[in-house]
Every structure is written in structure tokens, then in C-alpha cells.
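First up is the structure itself, then whatever we jot down about it.
Number of protein chains: 6
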Amino acid sequence: MSRFGEDLEHPHRLHGGYQTPVSRLWQGPSVKTLNPHNLMWPIFITDDSNGMEEIKSLTGQYRVGVNKIVEYLRPHVENGLQSIMLFGVPGNNVKDATGSSAGQNEGLVVPAIKAIVKAYPDLFISCDVCLCAYTDHGHCGIFQFDGSIDNPASIHRLAEISLAYAKAGAHMVAPSDMMDGRILAIKDALAANGLDGKCMVLSYAAKFASAFYGPFRDAAKSAPGKGDRSGYQLPPGGRGLALRALDRDAEQGADMLMVKPGMPYLDVCRDAKERHPELPLAVYQVSGEFMMIHHAANAGGLALRPTVEETLVSFQRAGVDLIITYFTPQLLQWWQEDKK
Amino acid sequence: MSRFGEDLEHPHRLHGGYQTPVSRLWQGPSVKTLNPHNLMWPIFITDDSNGMEEIKSLTGQYRVGVNKIVEYLRPHVENGLQSIMLFGVPGNNVKDATGSSAGQNEGLVVPAIKAIVKAYPDLFISCDVCLCAYTDHGHCGIFQFDGSIDNPASIHRLAEISLAYAKAGAHMVAPSDMMDGRILAIKDALAANGLDGKCMVLSYAAKFASAFYGPFRDAAKSAPGKGDRSGYQLPPGGRGLALRALDRDAEQGADMLMVKPGMPYLDVCRDAKERHPELPLAVYQVSGEFMMIHHAANAGGLALRPTVEETLVSFQRAGVDLIITYFTPQLLQWWQEDKK
Amino acid sequence: MSRFGEDLEHPHRLHGGYQTPVSRLWQGPSVKTLNPHNLMWPIFITDDSNGMEEIKSLTGQYRVGVNKIVEYLRPHVENGLQSIMLFGVPGNNVKDATGSSAGQNEGLVVPAIKAIVKAYPDLFISCDVCLCAYTDHGHCGIFQFDGSIDNPASIHRLAEISLAYAKAGAHMVAPSDMMDGRILAIKDALAANGLDGKCMVLSYAAKFASAFYGPFRDAAKSAPGKGDRSGYQLPPGGRGLALRALDRDAEQGADMLMVKPGMPYLDVCRDAKERHPELPLAVYQVSGEFMMIHHAANAGGLALRPTVEETLVSFQRAGVDLIITYFTPQLLQWWQEDKK
Amino acid sequence: MSRFGEDLEHPHRLHGGYQTPVSRLWQGPSVKTLNPHNLMWPIFITDDSNGMEEIKSLTGQYRVGVNKIVEYLRPHVENGLQSIMLFGVPGNNVKDATGSSAGQNEGLVVPAIKAIVKAYPDLFISCDVCLCAYTDHGHCGIFQFDGSIDNPASIHRLAEISLAYAKAGAHMVAPSDMMDGRILAIKDALAANGLDGKCMVLSYAAKFASAFYGPFRDAAKSAPGKGDRSGYQLPPGGRGLALRALDRDAEQGADMLMVKPGMPYLDVCRDAKERHPELPLAVYQVSGEFMMIHHAANAGGLALRPTVEETLVSFQRAGVDLIITYFTPQLLQWWQEDKK
Amino acid sequence: MSRFGEDLEHPHRLHGGYQTPVSRLWQGPSVKTLNPHNLMWPIFITDDSNGMEEIKSLTGQYRVGVNKIVEYLRPHVENGLQSIMLFGVPGNNVKDATGSSAGQNEGLVVPAIKAIVKAYPDLFISCDVCLCAYTDHGHCGIFQFDGSIDNPASIHRLAEISLAYAKAGAHMVAPSDMMDGRILAIKDALAANGLDGKCMVLSYAAKFASAFYGPFRDAAKSAPGKGDRSGYQLPPGGRGLALRALDRDAEQGADMLMVKPGMPYLDVCRDAKERHPELPLAVYQVSGEFMMIHHAANAGGLALRPTVEETLVSFQRAGVDLIITYFTPQLLQWWQEDKK
Amino acid sequence: MSRFGEDLEHPHRLHGGYQTPVSRLWQGPSVKTLNPHNLMWPIFITDDSNGMEEIKSLTGQYRVGVNKIVEYLRPHVENGLQSIMLFGVPGNNVKDATGSSAGQNEGLVVPAIKAIVKAYPDLFISCDVCLCAYTDHGHCGIFQFDGSIDNPASIHRLAEISLAYAKAGAHMVAPSDMMDGRILAIKDALAANGLDGKCMVLSYAAKFASAFYGPFRDAAKSAPGKGDRSGYQLPPGGRGLALRALDRDAEQGADMLMVKPGMPYLDVCRDAKERHPELPLAVYQVSGEFMMIHHAANAGGLALRPTVEETLVSFQRAGVDLIITYFTPQLLQWWQEDKK
Ligand SMILES: [Zn+2]
Ligand SMILES: [Zn+2]
Ligand SMILES: [Zn+2]
Ligand SMILES: [Zn+2]
Ligand SMILES: [Zn+2]
Ligand SMILES: [Zn+2]
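Listed in order, the protein sequences are those of chains A, B, C, D, E and F.
Here the first sequence is numbered in our numbering, starting from 653 and rising by one per residue.
Here the second sequence is numbered in our numbering, starting from 653 and rising by one per residue.
Here the third sequence is numbered in our numbering, starting from 653 and rising by one per residue.
Here the fourth sequence is numbered in our numbering, starting from 653 and rising by one per residue.
Here the fifth sequence is numbered in our numbering, starting from 653 and rising by one per residue.
Here the sixth sequence is numbered in our numbering, starting from 653 and rising by one per residue.
Structure follows, in C-alpha cells:
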């Protein structure tokens, strides 16, 4: 057994490279490479202007009314919060076939943008753009008579909403609908109004029809009435479709690309970064990912902070620049405590 | 707004490709491409020969004694079970500094292999090979006087254990220790005994120091007494180290490569398949992944079967050929029911 | 000769990786990775509405009238048939210089689509689109006065036919003519009618002028009266032309690409998948391939089932997602019997 | 519909490139690029020294005794035959467990080599090297007591046979056994005798366990008595194993690589040429391929000559340099007739 | 001029992506991605044990004696210093032809390592390894009689020194000599003493014969007496040689690679990271780079802090993980002040 | 010790390749590959027609009036000067909101071009095109009412200026403004006047918001009054944005691409050449780079000539074809002296 030890080739010995905490940091991303600007926090705006309603299905998250939003954000801004993503949660009374209440001045998101811009001019505001929370059928597009998606009408509506948000001061609009061609339509609308240099477009380019969205649909009250979204969201195994969607949205002018959900699609993040190194890459750690870590931590099966941080480091390892996550305020809090 | 619709380039319209259930199947892997041979079930062998002890931290999994193992496997073999991975869970009384009880004829795994081979000659038996469950300090290697790993002694011991399992009839040994050079040592030992053409070696090549192992350590009673495994398991952000480990183990003769954990390292699976298309690729969906899905499903946050199947499809999309998962018997049961 | 055995490098020993039936399955595609959704069955529709005429040159295949088509398909649908491709075989009386009877409402294929959609709403219907069976000269395009192909007129006609099939309910049209630019023309026509999100386009992109089409021309009664197709089908050695055709059709919006014939062009399948991983890939196992296996099996030279399955596994190994083959009903039957 | 024609991008118009017979030749390989030196003819040597026995399962092929071999080859040499591959077909009386009669001076192949070298010094002689025709069990290697392959003993035997053929004057030996490490063993043996610069080694590197070998086993009387060759020949879907085998044999010194069978593995030919452009590539158009074309041609389904030539052009398109085919004398004859 | 504005393609408008401070951070590295663990500070150890001598040619840097080193480091460790690199500056009295005083127990660096390890066990200590400061001729290797480098003797000496530093507790040795094969020699020596898993090797792999080393030679008193280093350091235009050196040192087992100098070789950093993504990459911002920024800032031509930070961000943009820079204490100080 | 020396693999020995001055020249660019045509000299034209004002912040550079420019250039033209780049430095009295004096016939640059063309018809004249020196706010574009850039108006103005310079006889215009779409606007304007075949466009494509521009702003009197240029110049870490800018400008018709500043962005030069090998690549060694070398040389820290030449060789090694540098006359002088 003389072969053990001396015959092993040097590059085959790996241990030496990560024996100390410092040298481990040189091997790639780690908690030390996570910064507040890498995190974006999703915020739900309710139609009850004074509302502050806990979302049971999303631990620690609230549906907040426009009159309460500034106060709600304050402790987190003080902890270093740098960017948020707004979701409107309208009441059933304003829902209709075309989601016409989305983007209205008297609506939910537009006043919220204005209030936040005024209170926190340095806070980066992005807005989810979709129809599903505003339509009575709960789908992300407008239908034709035969029950199929009316793609031109849908992307026209999405462009109108995006324009309204940009005019109100949003720094970024993020269409999550997966209609064909919405990036082009939105960029056209912004450009026609001289706003395309002021409001970025983040494309939910590789958004999959996933089982991990469960808790969110409750939070945003956006589950479709009937049918599912498998006709416009991508099938989970659809790597080729994801590549085509990423390519298309880059070609149509997206300023940033997104993969969603996050952890179950880390390989698609890697694909996206390899194919589009010229654009920043976002990932959405969705409600199901968030909650299953919470449930497991509560049950004692997993340690919360190391698990959360490992998932974030994994996103960076896979090439992600911006992580949209419900864990944002918790992480800012932990990091604040570390400094003390 | 005349641009909507007619101006969209054809390759930019994606919806048409996945409007029907059949065409969705053409876009990539799906539940239809998952087969029983893609699944391997981890089995824990306890030192209580007649034992059948439920593992609370791992829903539905048991520690089984050698006298009960054949009966324990029967319903699953009848449901189509094709491969298993054995883990020994020895009692504290046999643990020592060098894990000398591992691979003993009168031990746990060797008699289990013999019993299973006899009862189910077509069942593929792989055996985890490590020291951590057999050492009194709970680490995966043997220590030198100064408290550092004695790498030559460790891989010598791992090769002895592997040889014992191969002689007993195992079709594959799978070293999970992350000592440098163990693949070469094991292949040398097998070759010197004419067994390298009969017993494959599956390398846990890219095994990360992860927070997702929590429940397993209880199942295998293998948590280290003090210290952690960050000196031999890879740091979570260590993509470069993972590439080096995969390259090394392929060069030293591994017959299959593994990434572990699974979902938080899907991008590393993609890296592994791109770099080593000539070898089959395995992934270990670890205890933390298994349990957080269970907890979330129990809490009503996620639907169990679609979530489980989505994770498996994601593995295939990322290039994985073999999935080691505690969900194996559940999946075989679901698929059996589908046929009725 | 001391070198034998111990000096062989481990990665150079391959046997160990495929000693058991299970481990062989991990090495790549096999009969276990073939699913009904990977198969598409070509069907010939005759102008005799009540016809059920065996095609002597294509063992076990029939020309079927529109009144008989539903019954003809029933046993195969029950065996798991998931997709078909329709070919019209008009009588000589309706043939003319421009193939004007193709795509007519009172024609062959349109009523057949309607009947099948109604009877089997889950069966995926694709339709071959070409002029050769409908023109009196038997060529795939329309001619100019000087005897050369009138490419604009030809692709206009092909687009009209495609539109007719899509309106009748076809899920996919598959132009096999090899005229330049037909994919763009067809997508334009579908888009102008709001059907491009509902009806896929499968391009016979790499279709070669092959000797293996012999039996088909009898089946479809589509042999050209004079001349051959070497001016529009690709020369067999034309790898560069095939790559250009695949690239073009992807750029013009094809939802799936095809290589035809199959086995003699497996290397082109590999080329196609390397170059267009973002699109599903089909192959047509043509009449000559089908019949030579039948003839050899009948003569006792080859075993039918293993030979057929090996050819299908080879398609998957070369990157193919969908196999169009006359063996479809036979395979479904064999697989049905395996379950018993 | 103004878009047809004028809007088509120039690179998308392909017809122009292959409108004339001459320009078609520029697009890639064709019958014009096939030369006699691209063809190698397999020849069977029987133990009946004066024998000339037609092989029913292989149309037009004979088992020929050593006394008749020179005359048998004469017309073909006159037609331009440039290379042959010899297979010995010994009688059952000399078969034993280790195939000891292979490579004997008084055997079949050694005297045949000597006779041919003397008669046709310019004819390139390669010799298949295997044990299956010489062992009483019909397998390609030697067995250990436990019924598994004794790899060191097997490759030792193969090296002895190769050396015998090289000493007799063979220009190339071609081991078809698929034992691990035989290329290294053979090169060692040749080098130790100063013959490695005189006798090439052609490795059957990517040889698959195929259904297309049926007729050959009758021709060479080499079917295994029991068991099959799936433990050493590659599984048909095993692309990764094929890449590893090609890599290994190139590393061990093979002068040429082979893929076998041919047409069903054209994608593997492409893989082989991409990965090893530094070596010439051979393909074996096996007995099943040969016979199914014959059967189909006899039945009138395919035209013999265009079909045969298309398969050969396909090999060249896929990167093949040398084609081993039973059609060799027929092709030489056709080409001879073309000249008249 | 109607084309302005509306005709510009969306992906061609870049401004929108970096209008806010937050979105600029998403576009790549910035001061926010620089962490203390990315910095390593070079320290000079003088033979005057109680010395504390300012180096005039290197603003703010000192030659420090072993008795003062612990105190010298204290304020910087308190500011977050994580790693240092030690250079010995021996007196002329101990210099000889073979640099025999380097690595002696009673020498400079060995006692300094021991003192620092004891005082700051978490501080990562790397040691420059070279002969030039210890030889009387001032070259980095040992000479043969004919005046050429004695490469074997030189790398033997370098391995001895490295071993001495590793035994004293250094976490990394960094040979800067550019002799062929020193990485292999050093790894052999470390491995033979069981230290290769404890002490990393950082190769100055791409070290160029540069004009930017001027100030250092004064600091380390290491200028060669006669001749220059162009026979072993790389010529500035030698990209090919640099790639070969990087490849070689990776193959011989380097744990990290270095490019030196830094800014004038940023393209070589990019080359190094593309070619060796599996290893961390270091850069040395050399004395000439350091001083010319200082001189320009003093003259009022450049603003110090933005210029320094821009150079560090540039290193990260080019793929660098670890920056060895004399600016380290200044940066830690600035960052500390930012927190207040 | 047997391993040192003799065990080193041959490709791992590098010294042999650069032992002589001649063989060093074979390894890549060097001072011998630098030619006068690789250098372009920036020239500042002042509004004092007879002016000859030394620029204190840029050693040895002058602001020269149009009446003096011919004489100023004469000694350098005689030394081999081949190309220059003109910058206008207007007086404050002509500055306004839109930079309307730029490109006027009675202005600075147009008469200078005419004078130089007449005096030195073989001297290649390029002209920087920007607004910052001509606007009263000192920004590179025109503003809208809300204080944001009016991109269409800005690129319209830039195109007018470019056209004026081209009409005056400039061989190249070089827009340095970083407005989106200016290359397209300029090429349109040139083409509309038949000048696009006569006047090249060199795009400052990858121009970063750098601290190294300090001295220039004094030279050109172009510092912005308030605000900075971070909204249109690229952030230093913005590799992705640089790739997009290079791609865009290549697509819009740039004849040459530029990276600016030089040394701190050498990796971007490498990126640019890899991505656009089809275009010549320029680099601007900016004022801060120029001055810090001067300051360090004056202080005795660096040797001037070797340092300057090393920076130029580094540009060539990184793929640069043309270097715009204030060192041009000094280099021409040195080279002239070398010839003596
Ligand atoms: Zn939606
Ligand atoms: Zn372990
Ligand atoms: Zn046709
Ligand atoms: Zn054989
Ligand atoms: Zn030195
Ligand atoms: Zn400017």
C-alpha cells in the first residue's frame, strides 16, 4: 500500500486551500460577499389605505395600506434596506376582465410609489407588473372570445401599467406575466414618453410554472379562478424555452433578467449568466422556498440563519447579482446585530 | 401603438410551443422521463439485528436490523425499487478512533449486503463508505497527534472498508468522506483484488459543508463530537474547488460523480455535466431538502407530490442521471397507483 | 509482461460501469427512456371516404378514408398513442399545377382533422404540408414558365394550406417542401390570423434528397413525374447546407426542427442539437428505414424488436426528442404487453 | 402578403447553392469523394484449406481456405481493391477455453497473411484480433473461476495474437474484443519486438452491443454459447462510455479508431471525429446493415446502388476516413463499369 | 433626421441601467464588493530586532524588527487586517552565493512568523519565498560555474525555505523567484513532511520583468548586483509565456495563482481567470503602482481615495480574488472611518 | 532529492524560450513592435488664434492657436508623427446650453483641420467630438427641462458637429460623449452627405467614469459645473455595460472601438478584442496615467522611458492597435535618437 500519500498528485490535494476562515473566503462567494444592495424586498400594498394585515401564509410579511407604507418601511430603511418591489393587492370590487384598475392614479401602487419616493428618495423602487391580481379571472393576460390569450391586447395593457408606474417615479418595472413581446411593448411605451432612460425594465424572463408559488397566491390573492398558467409560464423541464425567453428579452431591451423560482432553478441561473454576461441577473426566492425553510426551522430540522445564508451564497455562486427575497428584513437585522 | 402583435419576431413568440400537454413533454424532462432506475433509496442499518426503529427526524424512514432488512425491502422491490444505498449505524460501544468496526464481517453492512444479494439478486446495492458513524470523534477521517487529518491513514481505512463491501457483493461503493485521494486508494484496492470490474465507485465529489444535513446526522448518529467538517467538505461558495474535486475524481477512476446536497447546488450539477459528459452524474437530495418539503406540505403551504416531482425534474434538467432520495418509496407508490 | 493489470489507469477500465442491467441504464438513453410522447405516427388519408386500403410497400400501414379514421385510430389511442402526422393522398382528378386542392375544406386533411379533434381531443395532430401529392407534376413547389421553381408563389400556397389546417384544429403544421422562406411565410399567415400561439410549426429543416424514400412515394402517390428533387432537397453530403437550413428555420420562428431521413443522418441530428439546444428536435424514420428492417427481420437476418428499439435509442442518444415512425403502433403494442 | 419573396434575407435562400451537379459537389462529400482507398473488405478464412463456401447469411461473401485465398482476391485486386481485413473461422475441434489456436503458425490467419503478402505485396492487410471465434464458450475474453472476465489474461492473449500477425506481415491489427487495456498491451508487445513502427493498431474503440450483428455471427461462427456481450460491448445509448473508450484507446496509442456498427452510430462517428481529429477514423458497416439493404433491394423497396452510395457518403459526412464494408467488391465493380 | 430617438433599438440604450447609485451597484464590482479579506499587506522584516525604520521609497511602510512586529500590526489588526505577506530584509553580512540564511531558525522570517502566530492566531500569514534578498549577487536563483542558473539547486533551496516557513506556522508560502519547477519541488517538500494540507502555495506564476518594481528593490534591498532578471522573469509582451506559466503552476499543485505587477497586466488577470476558474487569483499591486498614485496625489493631479479604489475595483472586474497592496492599512482606516 | 530537475516535464520548463534578446522578441509584442502608426497625439486648440500656452497639469503639452498649429506640429511631423486627435478649447464667451459653437466654420477645430490638411496632407487627422467643452454646464449632452439628458437632441448635435469636421477634411471623428445612439446618428449624417466612405468613426465605446481624468479637465477646461458624468459614463466595475456598449457601437457602424482610460482597463481591452476581432481597437492613455508616470519619474521612483514603453507594450499585449497618448512626441524623439 505504498501508494497512499506520496503518489497523490499535488493538484489532487484540495484540503490545503480551505483550512482557515480567511482562505475559505478566497474560494468564492460567502456571507462576506452579500451586501444590502444584493437584496430586494417584496412589499404587498392593500386597498385598505390604513391596513396593516399580517399574511399568515408568509411569516412576518404584511399587506400594508398606502397611509402606513412609509412607517412600515422606516426601521428597515434604517437597517440598510436599499430596494423594494411593490405588488398591488386590490379588492375584488375593482377586478374586471382586463385588469383596468392596475396602474390607475387612484389605485394602489401609483400612490404608494409617490409616497415612498417622497419619504425615501434614495430607496430604489421596482414594481411588479402583471394583470392576475387585477383581473376577475385571475390570469396574467386578457382573453379572446375563444378563451385563448389575446397577446396584443395583453401586452398593450402591461405597457400602460408600466408607463403609469414609471411616471409616478418607479425606478424599475418588472413584468411577471410571461406574455410574448411585453418587453418590447413596455420599452416602446417608455421610450415614446422619454422615460426609458429613467426607468429600468427587469424581465421575469425564465419564470416557470412551479409548485413553489403556493403561499404567494394567498398573499397577493392572485390564484386563477380556473385553469392554470401552464400555457404561458414555462414547464419546469423547459430549459430550451428558458434560453429562448432569456435571449428574446435581452434582444427586446430588458435591463436585467430574472429566473424564478430560485433554488429549484439554480442551473438556469448559471445558464442565464453564461449566455448573458452583459446584463445583471436577478433571482426570486419565492414564497414556497421562503416558507419551507421557515417550517423546517420551526420544527427544529434546520438552523434558520445558516440555511438562509447558504441559499443566498448559492445564488451568488450561480451568477446572480440581485436576490428578491422575503428574508431581506431578517438579514438586514442579523447583519446590523453583527456590527454591534 | 401599431407595433403590438404584427411586429413581434416569430422566434420571440414562445407560447405556441407549449399549449398542449403533449408538446410540453417535448420541451425537456418531465415526470414522464423519470423512471425507477433514476432513483436510489438510502437505507439505515442498525446494530440491533431485529430492530425496526422509526427515525423521527426523517419522516417514514427507519433504522432496520439485518434480520429485518429483507422483509423491509419487499413491498418496495415489488413496487419497482431498483437500487439502494446502505448506511451503517453502529452502536457507541464499537466506535473508536479509527472506525475499525466499519467493513467487519460481523458488522452491520457486510451481513446486510449478503442478505439482500441473496433475497433480491437483481437489486442494485451501493454502500456509503465513511468513518464518521464508526469513529468516537464523529469525523470522516483519522487524526494525527496534532489534531489534523491523517490523510494517508484515512484513505487506507476507506479502501479497506470499500474492499470488504465489494467482497460481500456490493455493486457500488460510494465514499462520502471528502479525504484527498480516496478514489485512487479504493480503485487500487479493488483492482488488486480483481474487483474493480465488478464494483463501481461513485464519488461524492462535490460535497459541500451544508446546513441542509441536519436531520441526517440524527438518522445516522454521525454528528462530529467537536469541530465541524469545513476543513474537508467544500465551502458553499466554492465553485472552483468543486470543479477541481470533480476533475480529480474523474481522473482517479470514479465510475460516477455526485453533487451533494441537491437543490441548493443545481448549478454545480450543470457544471459537472458540462465538464464530465462522459460519466453518469448522481445527486443526493439530502435530509434537509426532504424534510423541509415534508414540513411545508404538512403545514399546507406546498402540495406534496407536485413539489417533489418538480424537484426531480429539476435534477434531470440540470443533467443528473441518478437521484438518491428518501422520497423513492413514496414515488414508486404514487407511480404504482397511477397505473391502476 | 508485468504491465498487465496493475498498471492500467483506473479511468481506462470501463467494464465496471455497465456490469448490471441497472447500471447500464445510468449510462444514457435506453428502452426505458422511450415514452409514448416520444413517438408520432404518420397516417395516410385517402380520397375514398370509406376507404381502408393496405399499403403493400409499407407493412401494416393503410390509406384510410375520413369516415373510417376515428375507428382506425381507436385501438392505438387506447394503447397510448399521443400524436399523429396526417398526409393527404388525393386522387389524380384533383391534381393540378399549383396543388390547389390542398387545404380545401371539402378536401382530405381538413375534414380528417375535424373528425379526429372531435373524437380524441387529447390526441396531438400534426399535418404534413407539401404540394407534391396535389400537383399534377409531383413536385413540391410551383413552377415558373422557364421550368424553375417559383419560390414566392410556392411559399404563398404552403402558407395558405398551413392556415387551413390550423383553422381546422391542427396543433402543428410541418412543411416538408424545402422551399426557401416557407417558415416565415407560414408564421406570418398564422400570426395574421391569431393562430401562431395555437398551432406550432415543425420544420423539415434538414431534409435530404435520399434513396430511402422509395416506399413512401408509393404510399403517398407523390413521386415526381419527371425530374427529381435535388434542386430543393439537400444533397446527402451537404452538412453545411443542413446547418444553414436549421439556422434559418430557427431564425424564422420554427417551433421544432426535423432531420430526415433518420438513421443515415444521425450525425446531422447531433449537429442540430448542438446548434439549437433551445428547440425540440424531431427525426423522421422514413419508409426505406422502416421497410429494410422489416425485410431483414422477415428473412431471419435481424431480430425485429431489439433492432427497432436500438434505432430509437440511437435517435435519443443523438439528441432527438420526437421520433416520427411507422413502428409507433407496434411499439405501443409491445409496451402494452410488457405491462401484463 | 407583400412579404413573400422580397423580404427573405439573403443567407436564408439556400437553393442557389445546389442547382447544378457541379455546385452540389462543392457542398460536401459525395460519390465523387469516395475512393478505393476509403474501402476495406472483410474476408473470412476457413480451416478447410481448399474451402470456398458461400455464406448464406451474407450475400456474395465466402469462407475461403488458405489455398484458395490468392485466387479469390485476384479479380478484386484487379478492380482496385486496396485493403482487406482477415477473420479466422476455425473448426470446433481447435476451440478451447483460452482460444489458444488463434495466432498459431499452423493456424488460419498467419498462413493466409503470408500467402497474400507474397502474392499482392501492395495490398494492405489488416487482421481482426479477438478470441470469440477460437474459444469454446464463444466469448471475446478468458474467464476466471467465478465466471467473470479475466482481463489481464485476456489482453495478454490478445497481445500474443497481434504479435503473431504482425510477425507474419500484417500491416494492421484490429482488436475487436473490448477488453480494458488491450491497446496498451498490444502496443507494448509490438514495441518489445520492434514492430510497433511497422504494424498499426486499429481500435474497435466504440463497439456497441448491437442487434445488427446477427448475420456476422453465423459467418464467423462466433455467437457466444451462453450469456451475451453486454458486459464488455457498450450499451447502445452509452455515449459517455463511448467517449471514454475513444479517449482511452487514443491515449494508449491506437493508430486509428473505429465506431461499430456504422449507420446506427453515425452521431458517435461525429463525436469521435470532433474529439479525436488527430487520428483517422474507421467505421464498420456491419452484416445487419449490409443485409437489410440487400433484402430491401431484392424486395423492390430500395434501389441498391444509390442506397449503398448514400450510406457511404453519410459516413464521410460524419467524419469517417475508412469504411469497412462487405459492399467493397460490388462498389469496385460498379466504379469499374462506370469507366467503360 | 427622423431617425433619432424612436428608431434606436432598446438594447442599444444603456443609460437606463445606471441612473441610480443602487442600480450602478448591480452592474459589477464596486467599492461595496471590496472586503478586508480581499486585501493582503506586505510587511518587511529587518535584521535589526528592535528596528522600526521608515522606507522612504514606499510612503508609510516600515522595515520592522521581530521584537516590534506584534505592536506594529496591532492597530491594523484592530481595523480588520486579515492577511499579511512577510519579506525578510537581511543584512549584507549574512548574504552568500546560495542565500543560505533564508529560512534559518535564527533568521528573520521564521521568528517573525512564530511571534505573529502567537499574538494573532487568526491572522493569515503568507511568506514571500525567494533568494534575491539573501544572495550576495542579488539574483533569485543559484548560479552554475558558467554563470547560468542552476535550476535544480535553486528549486531545492526554495523548497527548503518554504518548508522552514511552513514548519514555523505560515499559512501560505509564495515563491516569487520564477525558477522552473519550484511549485512541484515545494509541494513535494511540504507533502513529504505532512504539511501540504496545512500550508498553501501561492505561485507568482505570471511575474513580469517590469519597470514598476523600482521602489521595492530599495525596500527589500534586493536589486541584483549585475545583470537583470530578464532570463527568468517574463518579458512584458509575453502573453503566451504567461499562459504557460499559469498552466504549469496549476498542474504542479499551486493553491492560488498570482499576476504581478497588477494594473499594467490586468489583461493577464482576465486571461488567468478564464483559464483557471478553479483556482483563486491574486494580484500584486507593486511598489511602482503604489508610489505613482501617491506622487500624483501629492502633486494634486489625482484624488487619492477614488483613484486607489478604482484600481481595486478594476482588479475585481478583471477576475481577481486577493489583492496584495501597500494601501491595505489606508483602506482599512478609510473603511473604519466610514462606519462612524 | 532525485525528483528535482530531471522529473520536470518539458513543457514546464519555460526559461529556454527567452534566454536571448532575439528569442524574447518572438514571445509577443515589445518595443520593436511599436511603430509611429500605433501612436496618436492629442492636440488642444485654443480660441486665442496666436496662442501657445503651456498646460501646467500636462507636462510638455500646449494649448495652441490656429495660426500657430502648423509650426507647432512641424518638428514632430519630421520625427515621424502620423496621426493626431484635435480637441477644441473654446473661451467661456461662446459656451451655451447646447454647445452651439462646436463645429462652426469660424470656430476652433474646423479652421485647424483646414490648416493642417493643407500643410501636411499625409497626416491623419481625427477629431474628438463632444459638447462638454462647448456647453456652459460642462456636460457632454443637452438637457431637458427636468434636468435629465435629452438624448435625441444631444445625438443630433453630435452628428452636426461630426459632419462639419468631416466636411472640413477630418479623416476620423471620435465621439467621446457616451450618449446612446450617437454612432448611428453620426453615420446617418455622414452617409446622407456622401462622407461615410471618407471619414471614419472611432467610438469611445467603453469610456468609464474614472478618477484618472483629473489633469485633462484642466487642459480642456471641460469639468462639469455641477453633477458628475456617472449617468452616462460607465461605472468602473461595469464590465457587462462595457460589453453592451462595444456591441452596440459595432452594430451601429463604428469603424474603430476605443477603451478609455487605458492601463486601469486593460482587461476590458482584452474583452473588446476577443468580442470584436473584426474591428481595430484603440486605447486612450489618459492624462492621469500620463501624469502619474511623470510625477513618479521626477521623484526618482520610476525610470521614465522603460516605464512608458512597458505601458505601451502592455496595450499591444492586450490587443490594442492604436494608442492615443501624450507621450507620442517624446517616443518619436527617443526613437529618432536611437537611430543616430
Ligand atoms: Zn401574473
Ligand atoms: Zn462522514
Ligand atoms: Zn413534397
Ligand atoms: Zn469477439
Ligand atoms: Zn527574487
Ligand atoms: Zn464630453
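Glycine residues also receive a C-beta, built at the ideal position from the N, C-alpha and C atoms.
Since the structure is predicted, the reported quantities are computational estimates derived from the model, not experimental observations.
With H, G and I counted as helix, E and B as strand and the rest as coil, what does DSSP make of residue i?
i, result
"residue 831 of chain E", "coil"
"residue 666 of chain D", "coil"
"residue 986 of chain C", "helix"
"residue 706 of chain D", "strand"
"residue 784 of chain E", "coil"
"residue 872 of chain F", "helix"
"residue 686 of chain E", "coil"
"residue 694 of chain C", "strand"
"residue 977 of chain A", "strand"
Going by C-alpha to C-alpha distance, which of the options sits closest to residue i?
i, options, result
"residue 905 of chain A", "A/855, A/877, A/936 and A/914", "A/855"
"residue 839 of chain F", "F/852, F/877, F/831 and F/986", "F/852"
"residue 992 of chain E", "E/883, E/939 and E/731", "E/731"
"residue 925 of chain F", "F/936, F/911 and F/834", "F/911"
"residue 869 of chain D", "D/986, D/710 and D/746", "D/710"
Given that residue i touches chain B, what residues does it touch there, using C-beta distances under 8 Å?
i, result
"residue 851 of chain C", "668"
Which bits of chain I does residue i rub up against, with CB to CB less than 8 Å?
i, result
"residue 892 of chain F", "Here chain I cannot be found, since the structure's protein chains are A, B, C, D, E and F."
Pull out every residue of the stretch 784-801 of chain D whose Cβ sits closer than 8 Å to any Cβ of chain B, in chain order. Cβ contacts with chain B come from 796, 800 and 801.
Report the residues of the stretch 903-936 of chain E with a CB closer than 8 Å to any CB of chain B, ordered along the chain. Cβ contacts with chain B come from 929, 930, 931 and 932.
Decide if the stretch 918-927 of chain C is in contact with the stretch 705-716 of chain D; the criterion is three or more beta carbon pairs, one per stretch, under 8 Å apart. Not touching, per the Cβ criterion.
Mind checking the stretch 717-728 of chain F against chain E and listing, in chain order, the residues whose C-beta falls within less than 9 Å of any C-beta there? Within the stretch 717-728 of chain F, not one residue has a Cβ closer than 9 Å to any Cβ of chain E.
Cβ contact (3+ pairs, closer than 8 Å) linking the stretch 670-682 of chain B and the stretch 975-992 of chain A: Fewer than three Cβ pairs drawn from the stretch 670-682 of chain B and the stretch 975-992 of chain A lie within less than 8 Å of each other, which leaves the two stretches out of contact.
Whether or not the stretch 860-878 of chain E and the stretch 967-987 of chain F are in contact is what I'm after, with contact meaning three or more pairs of Cβ atoms, one per stretch, closer than 8 Å; do they touch? These segments do not touch.
Inspect the CB distances between the stretch 926-936 of chain B and the stretch 948-962 of chain B and report whether three or more fall short of 8 Å. Proximity of the stretch 926-936 of chain B to the stretch 948-962 of chain B falls short of the contact definition, fewer than three beta-carbon pairs being nearer than 8 Å.
Can you confirm whether the stretch 980-988 of chain A touches the stretch 859-867 of chain A when touching is taken to mean that 3 or more C-beta pairs between the two stretches lie within less than 8 Å? The stretch 859-867 of chain A and the stretch 980-988 of chain A do not touch, with fewer than 3 CB-CB distances between them shorter than 8 Å.
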